[in-house]
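Data block below; observations after.
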Amino acid sequence: MDSLYILTSSIFFLWIIRNIFYWVWVWQKNDYNTASFITNLKNEIVIRNIYEHLLFFYKLILLSLFFYVVKADNFLIYYQQLISLAFFFQFFIVLKEIYKNELKKPTLTFRNIFIITFSLFNTFLIFSIPLVDRFLWLLILDFTLISFIGFFVFLISFPIEIYIDIRTEKALKKIKNHKSLLTIIVLGNYGVRETKKSLVHILGIEYKILKLRESESTVLGIANALSRKLTSEIDMVITGIKANNQDEIGRISRMLSPKIIIITGINNEKLYANQLVNSLPQNGIALFNGRDKNAYWLYQTTRKNKAIYNYLTFPADITINSTNNHSITAYNIRQKSNTIAFDVIMNDKSMHLIVNKLKEHKIEYILPAIYIANYLGIKNAIIKKRLLC
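So for the sequence shown, the working numbering puts the first residue at 995; every next one is plus one.
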């Protein structure tokens, strides 16, 4: 039985490492926010396949059967074999994820390295002092791992918060010293990266832009990036953020004081996005994706300076939006081999555009950049020329 235990415990640690990486990745994806993590956890449970659900209930049954097995020693060896079987199933899950390149791996930041290291050390420490049957102990550790990880997430959060405050203050000083800096925030659950790319491409003809990477979209990431990269030559900062953390959105808006906000598309976090829009100064403007129902709802409810962007599949529909003085609508879309031609009505004026290597569904990502370029005074001839590049 010792050989079976050695094999099972080896598989157990492989599974534990996989799970530590997975849960830290989930925490990171939710910006270490408890409410977002719980919501995501519920979604993860729903989308699991039938085999994962069956395996979970199988392990749960094994856990509950121990009190019966304790009274019947004859069944203990079979009970241990059944636990080993559960870990063998999990071994094949890990192999499948490795083969299909589906293993979830968090970014190795200081916070994540701390959580991973101490979660693994804690598991090994408790593993070495079993309080019940060794096989059952492996099963108990498997079930309690998520709580260990959660504990270390909270433990590191306090010094991290102090560090974030220090870095934020440093970034704020740099921003305040840069009086003419224009900041643009792109918020959404999709289309953020593509919209940022279009903004940089078109606005870059007139402005020196600092575009923050996707990994720099948190409060700490933005603060660190600004502290390192913001110079007096920079005219504009463009960053994208997710719409799933109210506190994070509030802190970012207070730090950056955005003059322009673009809402690409959001799920049910309308209030979070509304908080960002309400942070706009009197001379700021918010753009909303007219094809997204939640973004459109925000457009209708906000009292801030606003504009809407949209593209229409059928030319006859152009009359719907043509009366809006603060909008950009693409229509009459014609796809060619290497280009796409379309017309836009922007602030009651029409313009014909040709874009190099662009698919129809990508038009909604380039419209905000066209509108903002016009809003900032870049001539239409320059915009047209830039779109062909």
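Think of the CB as a built atom: it goes at the ideal place given N, C-alpha and C, for glycine as much as any other residue. Owing to the predicted nature of the structure, the values given are computational and were not obtained by experimental measurement.
Opposing strand residues paired with residue i [DSSP bridges]
i: His-1346; result: Asp-1337
i: Val-1180; result: Gly-1234, Ile-1256
i: Asn-1299; result: None, per the DSSP bridge assignment.
i: Ser-1321; result: Ile-1302
Contact under 8 Å by Cβ, residue i with residue j
i: Asn-1283; j: Glu-1358; result: yes
i: Asn-1350; j: Leu-1382; result: yes
i: Trp-1021; j: Phe-1031; result: yes
i: Thr-1323; j: Ile-1339; result: yes
i: Tyr-1016; j: Val-1147; result: no
i: Ile-1327; j: Ile-1196; result: no
i: Tyr-1305; j: Leu-1370; result: no
i: Gln-1276; j: Gly-1244; result: no
i: His-1320; j: Ala-1289; result: no
i: Gly-1259; j: Asn-1368; result: no
i: Ile-1255; j: Ile-1179; result: yes
i: Leu-1181; j: Ala-1267; result: yes
i: Glu-1200; j: Ile-1044; result: no
i: Val-1231; j: Leu-1175; result: yes
i: Ile-1246; j: Ile-1279; result: no
i: Val-1063; j: Leu-1054; result: no
i: Pro-1252; j: Thr-1177; result: yes
Reduced DSSP category for residue i - H, G, I as helix; E, B as strand; rest coil
i: Gln-1276; result: coil
i: Tyr-1157; result: helix
i: Leu-1125; result: coil
i: Asn-1326; result: strand
i: Thr-1101; result: coil
i: Ser-1174; result: coil
i: Leu-1056; result: helix
i: Ile-1314; result: In this prediction, Ile-1314 scores a pLDDT of 44, lower than 50, which makes its location untrustworthy; no coordinate-derived value is stated.
i: Ile-1243; result: helix
i: Lys-1205; result: strand
i: Asn-1283; result: strand
i: Glu-1227; result: coil
i: Val-1199; result: Note that residue 1199 corresponds to Ile in the displayed sequence, not to Val. Looking at Ile-1199 - three-state DSSP - the assignment turns out to be coil, as it is neither helix nor strand.
i: Asn-1013; result: helix
i: Thr-1307; result: coil
i: Leu-1370; result: coil
i: Asn-1332; result: coil
i: Leu-1193; result: helix
i: Lys-1378; result: helix
i: Lys-1094; result: coil
i: Asn-1106; result: helix
i: Asp-1025; result: coil
i: Ser-1211; result: coil
i: Asn-1261; result: coil
i: Ser-997; result: helix
i: Ser-949; result: Residue 949 is absent from the model: the chain starts at 995 and stops at 1383.
i: Lys-1351; result: coil
i: Gly-1185; result: coil
Residue i versus the options, residue with shortest Cα-Cα distance
i: Ile-1077; options: Tyr-1052, Asp-996, Ser-1141; result: Tyr-1052
i: Ile-1228; options: Phe-1082, Ile-1150, Leu-1204; result: Leu-1204
i: Arg-1248; options: Ile-1232, Ser-1004, Ser-1273, Phe-1104; result: Ser-1273
i: Gly-1185; options: Ile-1257, Asn-1095, Tyr-1016; result: Ile-1257
i: Arg-1297; options: Asp-1286, Val-1271, Lys-1287, Tyr-1303; result: Val-1271
i: Gly-1234; options: Ala-1217, Glu-1210, Thr-1033; result: Glu-1210
i: Glu-1155; options: Pro-1275, Val-1213, Gln-1075; result: Val-1213
i: Ile-1150; options: Leu-1135, Arg-1328, Ile-1107; result: Ile-1107
i: Thr-1333; options: Ser-1321, Ser-1344, Lys-1356; result: Lys-1356
i: Phe-1104; options: Tyr-1093, Phe-1061, Tyr-1157, Ile-1071; result: Tyr-1157
i: Phe-1082; options: Leu-1224, Lys-1036, His-1346, Tyr-999; result: Tyr-999
i: Phe-1060; options: Gln-1074, Glu-1242, Leu-1049, Val-1194; result: Gln-1074
i: Val-958; options: Asp-996, Ile-1366, Lys-1373, Ala-1375; result: Limits of the chain in this structure are 995 at one end and 1383 at the other, which puts residue 958 out of reach.
i: Glu-1208; options: Phe-1145, Thr-1189, Ser-1226; result: Thr-1189
i: Met-1345; options: Lys-1330, Ala-1375, Ser-1331; result: Ala-1375
i: Lys-1023; options: Arg-1380, Glu-1242, Lys-1253, Asp-1337; result: Glu-1242
i: Leu-1035; options: Asn-1218, Leu-1224, Asn-1299, Gly-1144; result: Gly-1144
i: Lys-1170; options: Arg-1187, Phe-1050, Lys-1202, Leu-1250; result: Leu-1250
i: Ser-1226; options: Leu-1056, His-1172, Lys-1191, Lys-1236; result: His-1172
Neighbour flag for residue i against chain C, beta carbons, 8 Å
i: Ile-1255; result: Included in the structure is just one protein chain, with no chain C present.
Distance cut-off 7 Å: residue i Cβ against heavy atoms of the ligand COA
i: Leu-1149; result: By its list of ligands, the structure shown contains no ligand whatsoever, and the ligand COA lies outside what it can speak to.
Quick check: the stretch 1153–1171 against the stretch 1116–1135, are at least 3 beta-carbon pairs closer than 8 Å? Short answer: they don't touch.
Inter-stretch contact at 8 Å, needing at least 3 Cβ pairs: the stretch 1086–1098 / the stretch 1001–1015: Touching, yes, given that three or more Cβ pairs across the two stretches are closer than 8 Å.
Specify whether the stretch 1139–1148 and the stretch 1112–1123 touch according to this definition: at least 3 beta carbon pairs, one from each stretch, less than 8 Å apart. Cβ pair count under 8 Å is three or more, so yes.
Segment contact, 8 Å Cβ cut-off, at least three pairs: the stretch 997–1005 with the stretch 1095–1102: A contact between stretches requires three or more CB pairs, one per stretch, nearer than 8 Å, and the stretch 997–1005 fails this requirement with the stretch 1095–1102.
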